[in-house]
Amino acid sequence: MGGHQASSASVKPHAAPVLHAINYLLGDLDAKYLTTLRSQGVLQSYPSRIKDPDTVDFSTGSVGIGATAALWAAIAHRYVESHFADAPPAGRFISLLGDAELDEGAIWEAVADPQVASLGELLWVFVVAITASMVGLAYAMRTLPSVPPTPSGSASARH
């Protein structure tokens, strides 16, 4: 995604409209495409390197691929950098992830890998959607009457 240092962005599947808007603001997408999301042969709802007219660094049609795509790109660049003296600088490998990606086993396998912690050029940004039901639950919890603490010597505290 532009800037003085080259960067690659991996976007969670349904965040493609944000990616396209950013690409428009950076001058990488003509304004005529902005109203064509999900139309035949134009902007895709999932980022696609083949089908989208603007720059897409990683195709991320499946949930979970976004995080691991940037991870593998960072590791691959480390390999290239260590084996080829003329390798270009890496920049950043950025993934925009949502709560659905946290349900994917590949994410947790990657987090558990000790090598991942050393990848300073990798950035995972977690976006947690606040839904109306979550707001309602928070409001309901705030309005519940307070319950006095159970005395430590009572029967219920000993179980």
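Throughout, the numbering used here is defined as the position within the sequence shown, counted from one, plus 145. Note that CB positions come from ideal geometry on N, CA and C, so glycine has one too.
Residue state for Val-187 is assigned as coil, using DSSP reduced to three classes. Looking at the DSSP output, Ser-155 shares a beta bridge with Ser-240. Inter-segment contact for the stretch 178 to 186 and the stretch 244 to 258 is absent: fewer than three beta-carbon pairs are separated by less than 8 Å. In the DSSP assignment, Val-225 falls within the unbroken alpha helix (DSSP H) covering 210 to 228.
As the crow flies, the alpha-carbon of Asp-199 is around 22 Å from that of Trp-269. Counting along the chain, the unbroken alpha helix (DSSP H) around Tyr-169 starts and ends at 161 to 170.
Here Tyr-191 is buried: its Cβ has 16 or more other Cβ atoms, across all protein chains shown, within 10 Å. Excluding residues up to 5 positions away in sequence, nothing lies with its Cβ nearer than 7 Å to the Cβ of Gly-172 in the same chain. From the listed residues Ala-212, Ile-167, His-228, Tyr-169, the smallest Cα separation to Phe-238 is found for Ala-212. Contact between Ala-161 and Gln-189 holds: CB atoms are separated by about 6 Å, below the 8 Å threshold. Its chain contains Ser-155, Phe-203, Thr-205 as the residues whose beta carbon lies nearer than 7 Å to that of Ala-214, once the 5 sequence neighbours on both sides are disregarded; these appear in chain order. Within 10 angstroms of the beta-carbon of Ala-230 lie fewer than 16 other beta-carbons, which makes it exposed. Sequence-distant partners of Ala-255 (beyond 5 residues in either direction) whose C-beta falls short of 8 Å from its own C-beta, in its chain, are Ala-212, Thr-213, Leu-216, Val-261.
If you draw a straight line from the Cα of Gly-250 to the Cα of Pro-233, it is about 32 Å long. If you look at Glu-254, you'll find it in the alpha helix (DSSP H) that goes 250 to 257.
Straight through space, the alpha carbons of Leu-164 and Ser-193 are spaced by roughly 11 Å.
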